[in-house]
Structure formats: C-alpha cells, structure tokens
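Numbering (the numbering used here), first residue to last: 352 to 622.
The C-beta atom is built at its ideal place from N, Cα and C for all residues, glycine as well.
Reviewing the structure listed below.
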Ligand code: SF4
C-alpha cells in the first residue's frame with residue numbers, strides 16, 4: 352500500500368502535538384507531518400510545497416484552509432469554558448469531519464484516557480446523563496463509546512476502592528531489555544543480543560532486591576505488582592519463571608488486586 356503524506360502548516364508551535372494527533376486520527380493510513388515557524392528551514396523548504404492543510408491561530412479564533420476552501424472559527428462567540436485548546440480541537444474536528452465525511456468513535460479525544468474524564472466527573476457526583484452529554488457535546492464522542500467510558504470508569508472505581516492508599520504499596524520491577532530498541536523509545540531498554548550474558552545476573556540482582564523490599568515492607572499491604580521495562584517477555588521462559596516464582600514466594604499475593612507483565616512485543620512471547 353502506498354503511504355501518502357499529509358503536511359499540516361500550523362502558524363504557531365503551540366498545540367502541535369494535539370493537531371498532529373487529531374489529523375492522524377482522521378488520516379490513519381497517511382504519514383502526517385506538522386510544520387511550524389520553529390521547523391528547520393531546510394525541512395520547511397522541502398515540505399512547504401506539499402502543505403494540504405493550513406491552520407492559522409489567533410487569540411480571537413482560527414482559520415483552517417483545506418485546498419481552496421477556508422473554514423473559520425470565532426473563539427469570541429464560542430463557549431470556551433474549557434479553554435482555547437479544547438475549542439480549537441472541536442473546530443479542527445468539525446472541519447476534518449466535514450472534509451472527510453467521517454465521524455470518529457472517540458471524537459476529538461487524543462492524548463487522554465477517555466475514562467479519566469468520566470472518572471473525574473463521577474467523583475464530582477455528576478450523573479451518567481451529565482457525563483454522556485459532556486462527552487458528546489464537548490468532545491464529539493459517540494454515545495456507544497461514551498457509555499463504555501462511563502462503564503469502565505465505574506469498574507475502575509470499584510477496584511480502586513480496595514486500594515490501601517494508607518499503609519499499602521505497589522511493586523514495580525523493571526526489565527530493561529527488548530528484542531531490539533525501537534527508534535522512538537524513551538524507556539530504559541537495551542537490545543537483548545548485546546546483553547544476553549548479563550541477564551541471569553540481572554535477574555539474580557532483582558531477586559536479591561526483592562528480599563530487601565519484602566523484609567522492609569512486612570507491615571504494609573501489597574496492592575499491585577507491575578513487571579515492565581523494556582519488555583519483560585524478552586527474558587527466556589525459564590528466567591521469567593524464576594523471577595515470578597521468587598516474587599510469589601517472597602510476597603503475600605492474597606491482597607494483590609492487579610498483577611501485570613508487559614508483553615508489548617509480539618516477537619518476544621511464547622506460550
Ligand atoms: S518495545 Fe517498548 S521499551 Fe522496548 S525498545 Fe520498543 S518502545 Fe522501548
């Protein structure tokens with residue numbers, strides 16, 4: 352499949368991330384690049400002739416040009432109770448929706464867990480109908496997804512009720528290896544091929560540290576356990592087994608509500 356490029360020209364570096372995420376949501380198959388006045392001149396020279404969407408921001412609103420057509424937003428008359436950024440995201444969503452003839456199931460929500468909104472509103476004592484209305488009107492979330500968000504938020508609340516915010520603790524175990532290192536990675540991750548010989552020693556060290564934690568946290572309740580990384584499933588099955596067996600023998604799992612092992616790389620998973 353041929354990948355087409357969508358170049359978006361944004362008049363100000365503010366909101367670059369939000370604009371990129373939302374445009375990408377509409378053009379999932381395309382490569383989306385946002386250029387701003389801060390883009391390097393040589394990159395600008397290369398990309399500017401290919402601009403297909405131009406966004407001009409002003410305090411009083413914004414203008415979006417798609418091809419020959421201009422779309423205008425007057426921020427002064429809009430209800431901006433939730434700020435300029437959200438107003439702009441609604442405008443961008445409406446414009447892209449008009450241009451592409453698409454609605455997105457999660458509306459203009461990008462960069463936020465949808466349940467976070469529902470969760471916060473439930474905490475404020477808002478009714479399901481109010482939350483549904485807010486998600487539909489402010490973020491163009493479909494009814495189906497908004498109801499799903501409310502349902503999940505309620506389940507999360509039930510689970511979190513049992514967490515010991517006082518006297519409890521969570522355990523995080525980091526396995527800093529991956530099959531290979533992704534270019535965009537910002538985590539602590541080392542390619543397994545280069546470190547294979549040190550992995551057993553690393554697991555030994557983690558187990559030693561478990562002894563320390565288990566002893567020093569005896570009078571606290573263990574709520575959650577998370578093995579992350581890197582990619583923990585990069586370990587050989589027997590290494591992961593050794594780690595988990597040690598973990599379960601040293602800690603009381605009867606109070607654990609969540610036990611997660613990240614397995615983000617399909618090429619690292621065995622049955
Ligand atoms: S799989 Fe995740 S942790 Fe590993 S290199 Fe890629 S982004 Fe980083």
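Residue 565 in three-state terms, based on DSSP: Three-state DSSP puts residue 565 in a helix.
Cβ neighbour criterion (16 or more within 10 Å) applied to residue 563: Under this definition residue 563 is an exposed residue.
Suppose contacts are defined by Cβ-Cβ distances below 8 Å. Is residue 403 in contact with residue 370 by that definition? no
Going by C-alpha to C-alpha distance, which of 521, 534, 515 and 542 sits closest to residue 527? 542
Mind reading off the beta-carbon distance from residue 381 to residue 355? Whole number of angstroms is fine, and I expect it under 8 Å. 5 Å
Could you check if residue 636 belongs to the surroundings of ligand 1, using beta carbon to heavy atom distance under 7 Å? What the structure shows of the chain is the stretch from 352 to 622, and residue 636 is not part of that stretch, so it cannot be assessed.
Just to confirm the assignment: which complete beta strand (DSSP E) runs, minimum length 3, are found wholly within the segment 454 to 504? none
Would residue 348 pass as a contact of residue 607 if the rule is Cβ separation under 8 Å? For the chain, the structure presents residues 352 to 622; residue 348 sits outside this window and is missing.
At least three beta-carbon pairs within less than 8 Å, the segment 511 to 518 to the segment 481 to 490: no
Determine contact between the segment 382 to 396 and the segment 416 to 435, defined as no fewer than three beta-carbon pairs at a distance below 8 Å. no
Quick one: any contact between the segment 453 to 471 and the segment 486 to 504, if contact means 3 or more CB pairs under 8 Å? Using a Cβ-Cβ distance cut-off of 8 Å, the segment 453 to 471 and the segment 486 to 504 are in contact, since at least three pairs of beta carbons, one from each stretch, lie closer than that value.
Please list, in chain order, all residues of the same chain as residue 460 whose beta carbon is under 7 Å from its beta carbon, the five residues on each side excluded. Sequence-distant partners of residue 460 (beyond 5 residues in either direction) whose C-beta falls short of 7 Å from its own C-beta, in its chain, are 490 and 492.
Beta strand (DSSP E) segment containing residue 574, residue limits: Taken as a continuous stretch (DSSP letters only), the beta strand (DSSP E) holding residue 574 covers 572 to 580.
Of the residues 477, 603, 443 and 581, which one's Cα is nearest the Cα of residue 536? In terms of Cα proximity to residue 536, the closest of 477, 603, 443 and 581 is 581.
Assumed close pair residue 571, residue 523 - CB separation to whole angstroms, cut-off 8 Å: Separation of the CB atoms of residue 571 and residue 523 is rounded to 15 Å, and the pair is thereby denied contact status at 8 Å.
Residue from 568, 594, 589 and 567 with nearest C-alpha to residue 579: 594
How would you call residue 573, buried or exposed, if buried means at least 16 neighbouring beta carbons within 10 angstroms? buried
For residue 613, which residues from the same chain have a beta carbon less than 7 Å from its beta carbon, with the 5 sequence-adjacent residues on both sides left out? 578, 579, 580, 582 and 583
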